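Peer 1: In my numbering, each residue's number is its place in the sequence shown (first place is 1) plus 15.
Ideal Cβ positions, reconstructed from N, Cα and C, are used throughout, including at glycine.
Keep in mind it's a predicted model, so treat the numbers as computed, not measured.
Below you'll find the structure I mean.
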Amino acid sequence: MKWKLKVYLTSSYYKRTVFSTVENYFIMNTPKAIIFDLDGVLTDTSEYHYQAWKHLADDEGIPFTQEENDAHLRGVGRRDSLMYLLKGRKVSEEQMQEMMGRKNRYYTELIKNMSPKEVVAGGVDLLKEIRQAGINTAIASASRNTTTVLQRLEITSYFDGIADGNSVVNGKPAPDVFVFAAGIVNTSVVDCLGIEDANAGIEAIKAAGMMALGIGPKERFPKADKVMDNLENKNLQDLLA
Ligand code: B16
Ligand code: MG
């Protein structure tokens with residue numbers, strides 16, 4: 016049976032949170048690295064991903080809702096997303112490749128005119144504050160469009176490392192992309208805080224042995240250590256409190 020104990024020690028010498036579970040025990044001081052998911056955390060591209068999948072589903076006459084997207088596709092890589100969308104329909108590898116390419120064309124069309132205005136409000140200030148505090152920053156995204164999106168948002172330079180859909184074979188909920196990101200910034204996983212808007216991503220963070228902050232409704236993240244509605248106008252202390 017799982018249980019969780021949180022103890023706050025707030026003397027002038029120590030300010031730390033102790034998290035303990037029967038399977039997992041570690042002490043979280045201020046993290047040495049904060050690893051951000053991209054789509055749905057730092058920007059609302061998750062909506063564009065949904066619109067692109069919906070376009071493909073409509074083309075193919077497959078019923079598909081936003082609720083299904085949130086429950087099954089959010090944070091999930093291209094192939095696994097298509098497998099869900101097909102709902103048991105048998106297609107060849109060639110047809111799958113064509114559909115993934117078509118969805119990506121719809122998506123890239125939607126992100127064509129993205130600008131720095133689409134970074135979550137206060138996001139750049141938060142990234143600056145984290146780096147000023149001496150904490151490493153990295154991206155762990157399932158998306159193969161990560162580099163393009165970061166460039167359009169003009170936030171590439173705020174990250175010490177970038178791990179994306181091209182970096183690993185196993186996508187979220189496998190821990191690989193978060194472990195890879197921790198490696199790039201030379202930080203042990205137990206010293207990392209991962210931030211995610213998808214349940215598959217929170218599962219990946221926990222499987223990697225990191226602290227997990229979920230962004231979205233509480234019910235979405237049964238395994239998160241902490242949940243916030245969004246990242247708007249938050250400071251470092253808000254993330255760690
Ligand atoms: P692409 P994240 C994920 O990015 C998206 O949440 C998910 O909807 C998308 O299917 C996946 O990237 C793959 O994206 O088709 O651009 O390679 O949330 O992990 O930053
Ligand atoms: Mg995401």
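What is the DSSP secondary structure of ASN84, reduced to helix, strand or coil?
Peer 2: The answer is helix: DSSP assigns ASN84 an H, G or I state.
Peer 1: Considering just the uninterrupted stretch of the beta strand (DSSP E) at MET226, what are its terminal residues?
Peer 2: Unbroken beta strand (DSSP E) run through MET226: 226 to 230.
Peer 1: Check the DSSP bridge columns for LEU251 and list the partner residues they point to.
Peer 2: Note: LEU251 sits in no beta bridge, so no partner.
Peer 1: Tell me the rounded alpha-carbon separation between GLU83 and PRO188.
Peer 2: Taking the straight line from one Cα to the other gives about 17 Å.
Peer 1: With a threshold of 16 other CB atoms inside 10 Å of the CB of ARG104, please say whether the residue is buried or exposed.
Peer 2: Exposed: under 16 other Cβ atoms inside 10 Å.
Peer 1: Could you pull out every residue in the same chain whose Cβ sits closer than 8 Å to the Cβ of ASP74, ignoring the five residues on either side in sequence?
Peer 2: Contacts found: ARG117.
Peer 1: Are the segment 47 to 64 and the segment 137 to 154 touching, with three or more C-beta to C-beta distances below 8 Å?
Peer 2: In short, these stretches touch, since the Cβ pair count reaches three.
Peer 1: In this structure, what does DSSP give as the bridge partners for VAL205?
Peer 2: Beta-bridge pairing links VAL205 to no other residue.
Peer 1: Can you name the residues that DSSP bridges to ASN151?
Peer 2: Note: ASN151 sits in a beta bridge opposite ALA48.
Peer 1: Run the CB neighbour count on ASN39, radius 10 Å, all protein chains shown included, and call it buried at 16 or more, exposed below.
Peer 2: Residue confidence is low: ASN39 scores 39 on pLDDT, short of 50, so the model does not pin down where it sits. No coordinate-derived value is stated.
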